[in-house]
Amino acid sequence: MMGIHHWFLDKIRKKPPVRKPEWQVREPEDRTDPVEHEAFAEEGLDNGGLLMGASIRGKNHAHNGRWREDAFHFDQIGCFTMMAVADGVGSCSLARVGAKIACQTSVDCMKDHLANVADASQLEESVLGECLRIAMLNAIDAIEEEAMLRQTNPGRLSTTLILLLHGLSGSKHLIASLQVGDGVMAAADSSGNVMVLGDADMGEYAGQSVFLTSEGIRENLSQRIIFSVEEDLRHIVLMTDGIADDYFPLEKKLRLFFEDMEHSVLNRKRPIKSLENWIRYDKTGSYDDRTLLLLSFCNDRDSR
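Counting the sequence shown from 1 gives a position; our numbering is that position plus 3.
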(Lines of atoms letter the chains of each structure in order from A and count residues from 1; the text may use other names and numbers.)
(Lines give C-alpha, C1' and ligand atoms only; values in the text may rest on other atoms or scores of the structure.)
Protein backbone atom coordinates (compact mmCIF):
# COMPACT_ATOMS: atom_id res chain seq x y z
CA MET A 1 0.00 0.00 0.00
CA MET A 2 2.84 2.40 0.75
CA GLY A 3 4.09 1.98 -2.80
CA ILE A 4 0.68 2.85 -4.19
CA HIS A 5 0.47 5.83 -1.84
CA HIS A 6 3.80 7.21 -3.01
CA TRP A 7 2.83 6.61 -6.64
CA PHE A 8 -0.38 8.57 -6.11
CA LEU A 9 1.46 11.45 -4.45
CA ASP A 10 3.93 11.57 -7.32
CA LYS A 11 1.04 11.83 -9.77
CA ILE A 12 -0.69 14.71 -8.03
CA ARG A 13 2.47 16.57 -7.07
CA LYS A 14 2.69 19.80 -9.01
CA LYS A 15 5.30 19.85 -11.70
CA PRO A 16 7.57 22.88 -11.93
CA PRO A 17 6.30 25.41 -14.45
CA VAL A 18 7.77 25.11 -17.92
CA ARG A 19 9.75 28.20 -18.77
CA LYS A 20 8.91 29.63 -22.14
CA PRO A 21 11.91 30.35 -24.34
CA GLU A 22 12.72 34.05 -24.34
CA TRP A 23 12.75 35.92 -27.62
CA GLN A 24 16.11 37.51 -28.36
CA VAL A 25 16.76 40.68 -30.36
CA ARG A 26 19.78 40.32 -32.61
CA GLU A 27 21.28 42.47 -35.33
CA PRO A 28 21.84 40.87 -38.76
CA GLU A 29 25.40 39.80 -39.50
CA ASP A 30 24.87 40.58 -43.18
CA ARG A 31 25.10 44.38 -43.30
CA THR A 32 24.48 44.70 -47.04
CA ASP A 33 21.22 46.31 -48.16
CA PRO A 34 20.18 47.37 -44.65
CA VAL A 35 16.61 48.43 -43.89
CA GLU A 36 15.14 49.96 -40.77
CA HIS A 37 13.69 47.43 -38.35
CA GLU A 38 10.61 49.64 -38.05
CA ALA A 39 8.91 52.17 -40.32
CA PHE A 40 6.00 54.49 -39.58
CA ALA A 41 4.36 57.23 -41.66
CA GLU A 42 1.31 59.48 -41.39
CA GLU A 43 -0.19 61.92 -43.87
CA GLY A 44 -3.35 63.98 -43.99
CA LEU A 45 -4.75 63.75 -47.51
CA ASP A 46 -6.21 66.48 -49.69
CA ASN A 47 -9.50 64.55 -49.81
CA GLY A 48 -9.90 64.74 -46.03
CA GLY A 49 -8.64 61.26 -45.31
CA LEU A 50 -5.91 60.22 -42.92
CA LEU A 51 -3.39 57.68 -44.19
CA MET A 52 -1.03 55.85 -41.84
CA GLY A 53 1.55 53.16 -42.44
CA ALA A 54 3.32 50.90 -39.95
CA SER A 55 5.81 48.08 -40.38
CA ILE A 56 7.86 46.23 -37.76
CA ARG A 57 10.32 43.37 -37.78
CA GLY A 58 8.74 40.18 -36.50
CA LYS A 59 9.89 38.35 -33.38
CA ASN A 60 11.23 35.47 -35.44
CA HIS A 61 13.39 37.70 -37.63
CA ALA A 62 14.65 39.62 -34.61
CA HIS A 63 15.46 36.38 -32.75
CA ASN A 64 17.39 34.99 -35.72
CA GLY A 65 19.15 38.25 -36.55
CA ARG A 66 17.44 38.88 -39.89
CA TRP A 67 16.19 42.01 -41.60
CA ARG A 68 12.57 43.10 -41.84
CA GLU A 69 11.33 41.88 -45.22
CA ASP A 70 7.97 43.69 -45.41
CA ALA A 71 7.63 47.09 -47.07
CA PHE A 72 5.00 49.73 -47.79
CA HIS A 73 4.75 52.92 -49.81
CA PHE A 74 2.00 55.42 -50.58
CA ASP A 75 1.48 58.73 -52.35
CA GLN A 76 -1.29 61.01 -53.53
CA ILE A 77 -1.96 63.17 -56.55
CA GLY A 78 -5.09 65.22 -57.06
CA CYS A 79 -8.08 63.19 -55.91
CA PHE A 80 -6.19 59.89 -56.01
CA THR A 81 -4.34 57.93 -53.34
CA MET A 82 -1.96 55.12 -54.31
CA MET A 83 -1.08 52.40 -51.79
CA ALA A 84 1.26 49.40 -51.89
CA VAL A 85 2.25 46.72 -49.37
CA ALA A 86 4.72 43.89 -50.00
CA ASP A 87 5.93 40.84 -48.09
CA GLY A 88 9.38 39.62 -49.11
CA VAL A 89 9.87 35.86 -49.09
CA GLY A 90 11.71 34.85 -45.93
CA SER A 91 13.78 32.15 -47.61
CA CYS A 92 15.15 34.54 -50.25
CA SER A 93 18.27 36.49 -49.32
CA LEU A 94 17.29 39.69 -51.16
CA ALA A 95 13.56 39.62 -50.39
CA ARG A 96 13.72 42.93 -48.52
CA VAL A 97 15.21 44.55 -51.63
CA GLY A 98 12.49 43.12 -53.84
CA ALA A 99 9.71 44.24 -51.49
CA LYS A 100 11.02 47.80 -51.31
CA ILE A 101 11.51 48.05 -55.07
CA ALA A 102 8.05 46.64 -55.76
CA CYS A 103 6.28 49.14 -53.50
CA GLN A 104 8.14 52.24 -54.64
CA THR A 105 8.07 51.38 -58.34
CA SER A 106 4.36 50.54 -58.44
CA VAL A 107 3.24 53.64 -56.53
CA ASP A 108 5.45 55.94 -58.61
CA CYS A 109 4.03 54.36 -61.77
CA MET A 110 0.43 54.89 -60.67
CA LYS A 111 1.18 58.49 -59.78
CA ASP A 112 2.71 59.18 -63.19
CA HIS A 113 -0.22 57.48 -64.92
CA LEU A 114 -2.76 59.72 -63.14
CA ALA A 115 -0.77 62.97 -63.18
CA ASN A 116 -3.02 64.68 -65.71
CA VAL A 117 -6.37 63.47 -64.39
CA ALA A 118 -8.19 66.21 -62.48
CA ASP A 119 -11.41 64.36 -61.72
CA ALA A 120 -11.88 60.70 -60.85
CA SER A 121 -15.27 60.73 -62.59
CA GLN A 122 -13.43 61.14 -65.91
CA LEU A 123 -12.01 57.63 -65.64
CA GLU A 124 -13.68 54.38 -66.56
CA GLU A 125 -12.98 51.14 -64.73
CA SER A 126 -10.87 49.92 -67.62
CA VAL A 127 -8.53 52.91 -67.26
CA LEU A 128 -8.07 52.37 -63.53
CA GLY A 129 -7.53 48.68 -64.11
CA GLU A 130 -4.90 49.34 -66.74
CA CYS A 131 -3.16 51.74 -64.35
CA LEU A 132 -2.88 48.96 -61.76
CA ARG A 133 -1.81 46.36 -64.30
CA ILE A 134 0.96 48.56 -65.69
CA ALA A 135 2.11 49.40 -62.15
CA MET A 136 2.38 45.70 -61.30
CA LEU A 137 4.25 44.98 -64.54
CA ASN A 138 6.66 47.82 -63.82
CA ALA A 139 7.32 46.35 -60.39
CA ILE A 140 8.12 42.97 -61.94
CA ASP A 141 10.39 44.62 -64.52
CA ALA A 142 12.19 46.61 -61.82
CA ILE A 143 12.90 43.45 -59.82
CA GLU A 144 14.24 41.68 -62.89
CA GLU A 145 16.42 44.68 -63.75
CA GLU A 146 17.80 44.79 -60.21
CA ALA A 147 18.59 41.08 -60.40
CA MET A 148 20.40 41.64 -63.68
CA LEU A 149 22.48 44.45 -62.17
CA ARG A 150 23.43 42.17 -59.30
CA GLN A 151 24.03 39.27 -61.68
CA THR A 152 21.72 37.03 -59.71
CA ASN A 153 18.46 35.12 -60.10
CA PRO A 154 15.29 37.29 -59.78
CA GLY A 155 13.93 34.63 -57.43
CA ARG A 156 16.28 35.90 -54.73
CA LEU A 157 14.17 39.11 -54.70
CA SER A 158 10.83 37.28 -54.50
CA THR A 159 7.98 39.20 -52.89
CA THR A 160 4.21 39.51 -52.80
CA LEU A 161 2.58 42.81 -53.75
CA ILE A 162 -0.89 44.21 -53.08
CA LEU A 163 -1.93 47.49 -54.70
CA LEU A 164 -4.92 49.74 -54.11
CA LEU A 165 -5.98 52.88 -55.92
CA HIS A 166 -8.56 55.16 -54.29
CA GLY A 167 -10.23 58.11 -55.99
CA LEU A 168 -12.84 60.50 -54.63
CA SER A 169 -15.44 61.97 -56.97
CA GLY A 170 -17.98 64.04 -55.08
CA SER A 171 -19.41 61.66 -52.50
CA LYS A 172 -18.36 58.54 -54.40
CA HIS A 173 -15.27 56.54 -53.49
CA LEU A 174 -13.73 54.72 -56.44
CA ILE A 175 -11.63 51.71 -55.45
CA ALA A 176 -9.49 49.49 -57.65
CA SER A 177 -7.24 46.78 -56.25
CA LEU A 178 -4.79 44.18 -57.52
CA GLN A 179 -3.18 41.42 -55.49
CA VAL A 180 -0.34 38.98 -56.13
CA GLY A 181 0.33 36.64 -53.22
CA ASP A 182 -1.02 36.56 -49.69
CA GLY A 183 -2.09 39.39 -47.42
CA VAL A 184 -5.45 41.17 -47.13
CA MET A 185 -7.12 44.29 -48.50
CA ALA A 186 -10.49 45.28 -47.06
CA ALA A 187 -12.87 48.21 -46.61
CA ALA A 188 -15.46 49.03 -43.94
CA ASP A 189 -18.49 51.33 -44.00
CA SER A 190 -19.97 53.40 -41.17
CA SER A 191 -22.15 50.46 -40.06
CA GLY A 192 -19.16 48.19 -39.67
CA ASN A 193 -19.88 46.10 -42.75
CA VAL A 194 -16.65 44.72 -44.24
CA MET A 195 -15.77 44.05 -47.86
CA VAL A 196 -12.64 42.10 -48.81
CA LEU A 197 -10.96 43.70 -51.83
CA GLY A 198 -8.64 40.96 -53.01
CA ASP A 199 -8.08 37.24 -53.17
CA ALA A 200 -4.98 35.88 -51.45
CA ASP A 201 -3.73 33.27 -53.88
CA MET A 202 -1.76 30.22 -52.88
CA GLY A 203 0.60 27.96 -54.75
CA GLU A 204 0.26 24.35 -55.77
CA TYR A 205 0.96 23.03 -52.26
CA ALA A 206 -0.44 23.91 -48.83
CA GLY A 207 1.36 26.86 -47.26
CA GLN A 208 2.87 27.89 -50.59
CA SER A 209 2.21 31.41 -51.83
CA VAL A 210 2.57 33.18 -55.18
CA PHE A 211 5.06 35.96 -55.85
CA LEU A 212 5.87 38.57 -58.48
CA THR A 213 8.62 36.31 -59.76
CA SER A 214 6.31 33.27 -60.05
CA GLU A 215 5.75 31.83 -63.50
CA GLY A 216 2.75 33.11 -65.46
CA ILE A 217 1.97 36.14 -63.27
CA ARG A 218 2.21 38.66 -66.11
CA GLU A 219 -0.42 36.91 -68.20
CA ASN A 220 -3.32 36.94 -65.72
CA LEU A 221 -3.03 40.31 -63.96
CA SER A 222 -6.19 41.71 -65.57
CA GLN A 223 -8.23 38.84 -64.12
CA ARG A 224 -7.10 39.74 -60.60
CA ILE A 225 -8.35 43.34 -60.58
CA ILE A 226 -11.31 44.21 -58.35
CA PHE A 227 -13.42 47.39 -58.70
CA SER A 228 -15.85 48.98 -56.29
CA VAL A 229 -17.77 52.26 -56.04
CA GLU A 230 -18.92 53.17 -52.52
CA GLU A 231 -20.77 56.16 -51.10
CA ASP A 232 -20.41 55.00 -47.51
CA LEU A 233 -16.72 54.36 -46.85
CA ARG A 234 -15.05 54.71 -43.47
CA HIS A 235 -11.79 52.75 -43.69
CA ILE A 236 -9.53 50.87 -46.09
CA VAL A 237 -6.70 48.62 -44.92
CA LEU A 238 -3.87 46.76 -46.63
CA MET A 239 -1.96 44.28 -44.47
CA THR A 240 0.61 41.54 -44.85
CA ASP A 241 -0.03 38.04 -43.53
CA GLY A 242 1.85 38.83 -40.32
CA ILE A 243 -1.31 40.67 -39.24
CA ALA A 244 -3.90 39.13 -41.55
CA ASP A 245 -3.30 35.61 -40.24
CA ASP A 246 -4.33 36.83 -36.79
CA TYR A 247 -7.76 37.88 -38.13
CA PHE A 248 -9.20 34.71 -39.61
CA PRO A 249 -11.96 34.05 -40.38
CA LEU A 250 -11.90 37.39 -42.18
CA GLU A 251 -15.65 38.01 -42.34
CA LYS A 252 -15.91 38.05 -38.54
CA LYS A 253 -12.50 39.16 -37.34
CA LEU A 254 -11.95 42.09 -39.72
CA ARG A 255 -14.99 43.80 -38.26
CA LEU A 256 -13.32 43.54 -34.86
CA PHE A 257 -10.09 44.84 -36.39
CA PHE A 258 -11.72 48.02 -37.69
CA GLU A 259 -13.52 48.56 -34.37
CA ASP A 260 -10.17 48.22 -32.61
CA MET A 261 -8.58 50.72 -35.01
CA GLU A 262 -11.21 53.31 -34.17
CA HIS A 263 -11.08 52.75 -30.42
CA SER A 264 -7.34 52.19 -29.93
CA VAL A 265 -5.82 54.30 -32.70
CA LEU A 266 -7.97 56.76 -34.63
CA ASN A 267 -9.83 58.28 -31.68
CA ARG A 268 -6.64 59.01 -29.78
CA LYS A 269 -4.86 62.37 -29.71
CA ARG A 270 -1.84 61.06 -31.65
CA PRO A 271 -3.08 58.27 -33.95
CA ILE A 272 0.30 57.37 -35.40
CA LYS A 273 1.82 56.92 -31.94
CA SER A 274 -1.15 54.81 -30.95
CA LEU A 275 -0.65 52.70 -34.07
CA GLU A 276 3.02 52.24 -33.16
CA ASN A 277 1.89 50.79 -29.83
CA TRP A 278 -0.98 48.75 -31.25
CA ILE A 279 1.06 46.91 -33.88
CA ARG A 280 3.24 45.39 -31.13
CA TYR A 281 0.30 43.37 -29.76
CA ASP A 282 1.19 40.02 -28.22
CA LYS A 283 -0.42 36.88 -29.63
CA THR A 284 0.77 33.29 -29.32
CA GLY A 285 2.07 32.00 -32.64
CA SER A 286 2.23 35.47 -34.21
CA TYR A 287 5.90 36.20 -34.86
CA ASP A 288 6.15 37.30 -38.52
CA ASP A 289 6.87 40.81 -39.78
CA ARG A 290 3.77 43.01 -39.45
CA THR A 291 2.83 45.72 -41.93
CA LEU A 292 -0.32 47.70 -42.67
CA LEU A 293 -1.59 50.78 -44.44
CA LEU A 294 -4.77 52.32 -43.04
CA LEU A 295 -6.77 54.95 -44.94
CA SER A 296 -9.48 56.46 -42.76
CA PHE A 297 -12.34 58.86 -43.35
CA CYS A 298 -13.33 58.64 -39.69
CA ASN A 299 -14.64 62.08 -38.74
CA ASP A 300 -14.63 61.26 -35.01
CA ARG A 301 -11.01 62.32 -34.74
CA ASP A 302 -11.96 65.89 -35.68
CA SER A 303 -13.79 66.28 -32.37
CA ARG A 304 -10.87 65.22 -30.16
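Ideal Cβ positions, reconstructed from N, Cα and C, are used throughout, including at glycine.
Just so you know, these numbers come straight off a predicted model, no measurement behind them.
- Inter-residue Cα distance where the pair is cysteine 301 and asparagine 156: So the alpha carbons of these two residues sit roughly 44 angstroms apart.
- Item | DSSP-derived helix/strand/coil call for glutamine 107 | helix
- Task: For alanine 310, write down the residues that DSSP places opposite it in a beta bridge.
- Result: The first residue shown for the chain is 4 and the last is 307, placing residue 310 beyond what the model contains.
- Query: Rounded to a whole number of angstroms, what is the C-alpha to C-alpha distance between glutamine 182 and glutamate 25?
  - Reply: Going from the Cα of glutamine 182 to the Cα of glutamate 25 covers about 36 angstroms.
- Message: So, at 6 angstroms on beta carbons, what are the nonlocal neighbours of methionine 198 in its own chain, with the 5 sequence-adjacent residues on each side left out?
- Response: Ala190
- Item | 3-residue-minimum beta strand (DSSP E) runs that sit fully inside the stretch 27-66, ordered along the chain | 41-47 and 53-59
- Straight-line Cα distance separating lysine 175 from alanine 43: Checking the sequence shown, residue 43 turns out to be phenylalanine, not alanine. Their backbone Cα atoms lie some 29 angstroms apart in a straight line.
- Message: If you follow the alpha helix (DSSP H) that valine 130 is in, where does it begin and where does it stop?
- Response: 128-152
- Can you tell me whether DSSP reads alanine 2 as helix, strand or coil? Because the chain here runs from 4 to 307, residue 2 falls outside it and cannot be looked at.
- Message: Checking the sheet assignment: what are the DSSP bridge partners for leucine 295?
- Response: Ala57 and Met242
- Is the Cβ-Cβ distance between leucine 296 and phenylalanine 83 less than 8 angstroms? no
- Cut-off 6 angstroms between Cβ atoms - residues of its own chain near arginine 258, not counting five sequence neighbours on either side: Gly195 and Val197
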